[in-house]
Amino acid sequence: MSSRQHFGSRKYRSYFLIIASRCILFFSVYGQIIAGNTAYQQGLNGKTSEDKVLINQAVFRDCGAIFRDIEYGVITSPNFPKPFPIPIRCQWLIEAKPGNVIVIYFTQFYLRDGFKATEYAFFVDQTLNVGRKELGSISFDEETTHLISNQPMLLLEFEIYDSFNVHMRSMDFFLDVYGFNITFEIVPNAANSKVVRRSDACSVYKCSFTGNCYATQNFDQYYCSCFPGFFGTECEFGPKCNPLHTINDCLNQGFCRYFRGSTVTTCKCNGMYEGEKCERPKLDVQQDCGVKQSSCAESCYKSDHSTLSEKCNCPKGVSTESIPDCISNAKMRYIVSIKVYDSNVDLKHLDKSRYLEIKNGLELAVSFVCLIERA
């Protein structure tokens with residue numbers, strides 16, 4: 001009887017050990033899966049947007065080049081002017097011989113972000129280099145026409161992981177352009193260490209957004225190629241501003257020109273008039289009002305019926321006798337204009353940090369205006 005009990009206890013003990021070991025194995029594997037998923041999510045949430053993109057999509061790298069022993073060249077984004085792959089990472093390295101410098105001309109540059117320049121005395125890669133100096137990011141918004149590197153090696157980096165608010169857009173001819181088509185030249189460094197850049201350098205700004213900036217095949221000339229209906233060295237004339245047909249809405253011998261696309265014109269006034277349409281005489285406070293070295297910008301004004309040769313009539317509380325300050329004793333009021341947000345920013349798709357940044361900036365600007373008004 002005791003032997004049967006002993007045999008049964010060993011049998012049950014074996015079953016128990018097998019079940020227990022399998023339960024331990026199951027919970028161990030399950031725990032590793034849960035822990036792995038948690039760690040993955042935590043790691044993903046802690047990464048930058050670039051790292052998240054790299055996990056989900058391969059980066060396009062079939063671009064870039066090294067330029068040596070040449071006098072000039074062209075650097076172009078993939079598929080220019082059509083869309084380029086995203087995410088993308090490209091590098092171009094330009095090397096100049098001793099005594100020369102590198103000049104970049106942003107002839108057709110349509111990026112707001114993702115392009116930067118760094119110069120080196122010596123460069124192999126990001127870990128092996130000498131004399132690193134960042135020249136900064138290049139943006140279309142800054143109206144950059146050229147860049148000069150005084151070191152023998154210049155690295156241009158093109159990295160974009162998200163197309164949000166990256167591309168330049170302007171009515172009516174630049175609504176579907178992407179990337180860049182820029183030129184570079186390697187020129188001798190002048191004796192006085194000043195590089196003489198090209199006087200005919202152009203860009204989309206210089207061509208008034210009504211033409212493209214090109215270089216000739218041998219790079220001896222840069223010029224604006226105007227779109228149909230526009231003309232001039234800067235494509236500044238067209239249907240609404242045409243001196244050949246005396247079409248001019250500016251007054252007092254001012255002349256109009258296109259400024260930013262086919263819908264925006266401006267007036268260039270002569271030295272005696274100012275205003276949006278050159279409609280009012282320009283006031284010389286020192287000469288016309290008898291104020292010398294006045295510290296206030298507009299301490300005196302001219303009456304509606306006075307001429308440039310007549311003395312100004314001063315507003316109440318201001319006297320031209322209080323030289324050199326001529327400061328008004330009356331209450332002053334400042335008019336502040338606030339640009340609420342960039343029309344190119346899609347407010348519906350802003351992330352939380354960018355939304356709070358814009359919100360805090362607006363609140364600060366509004367409170368600043370209120371303080372001025374109350375003063």
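The sequence shown begins at 1 in UniProt numbering and counts up one residue at a time.
Glycine residues also receive a C-beta, built at the ideal position from the N, C-alpha and C atoms.
These figures come from a predicted structure and were not determined experimentally.
Within the UniProt domain "CUB" (63 to 187), the runs of beta strand (DSSP E) at least 3 residues long that lie entirely inside it are, in chain order, 65 to 67, 72 to 76, 88 to 95, 100 to 109, 115 to 120, 133 to 137, 146 to 149, 153 to 160. Apart from sequence neighbours up to five positions away, the residues of its chain that approach F231 with a beta-carbon distance below 6 Å are F237, ordered along the chain. Beta-bridge analysis with DSSP links T265 to Y258.
When secondary structure is reduced to three states using DSSP, E274 falls in the strand class. Taking all protein chains in view, the Cβ of P87 is crowded by 16 or more other Cβ atoms within 10 Å, so the residue is classified as buried.
Around the beta carbon of P152, 16 or more other beta carbons sit within 10 angstroms, so the residue counts as buried. By the Cβ neighbour-count rule, Q217 is exposed, with fewer than 16 other Cβ atoms within 10 Å of its own.
With a contact defined as Cβ atoms closer than 8 Å, E159 and R89 qualify at about 5 Å.
Here N360 carries a helix assignment [DSSP, helix/strand/coil].
Under the 10 Å beta carbon count, E234 is surrounded by 16 or more other beta carbons and is classified as buried.
When C-beta atoms of the region 199 to 207 are compared with those of the region 139 to 147, three or more pairs fall below 8 Å, so the two segments count as touching. The closest CA to that of V264, considering only L93, D249, F84, W92, is found on D249. In terms of Cα proximity to V103, the closest of C63, V74, R197, D220 is R197. The shortest CA-to-CA distance from V187 to any of D69, N360, C63, A58 is the one to D69.
Contact holds between the region 173 to 187 and the region 59 to 77, because three or more Cβ pairs, one in each stretch, are under 8 Å apart. Only exposed fits R61, as fewer than 16 other CB atoms lie within 10 angstroms of its CB. Taking C-beta atoms under 8 Å as the contact rule, C224 and K240 fail to qualify, at a distance of about 18 Å. In terms of CA proximity to Y214, F109 leads the group F109, K82, A65, L135. Take P83, set aside five residues on each side of it, and the residues of its chain with a beta-carbon closer than 7 Å to its own are Y178, in chain order.
Between N242 and Y161, the alpha-carbon positions lie close to 44 Å from each other. Collapsing the DSSP output to three states places P239 in coil.
S203 has no beta-bridge partner at all, per DSSP. Assignment of beta-bridge partners to F60 by DSSP yields I88.
When C-alpha distances from Y72 are compared across E95, Y120, N129, the shortest belongs to E95. The beta carbons of D176 and S262 sit no closer together than 8 Å.
Closest in C-alpha terms to F255, from the list W92, I66, C269, comes C269.
For the pair N150 and V101, the CB atoms are nearer than the 8 Å cut-off.
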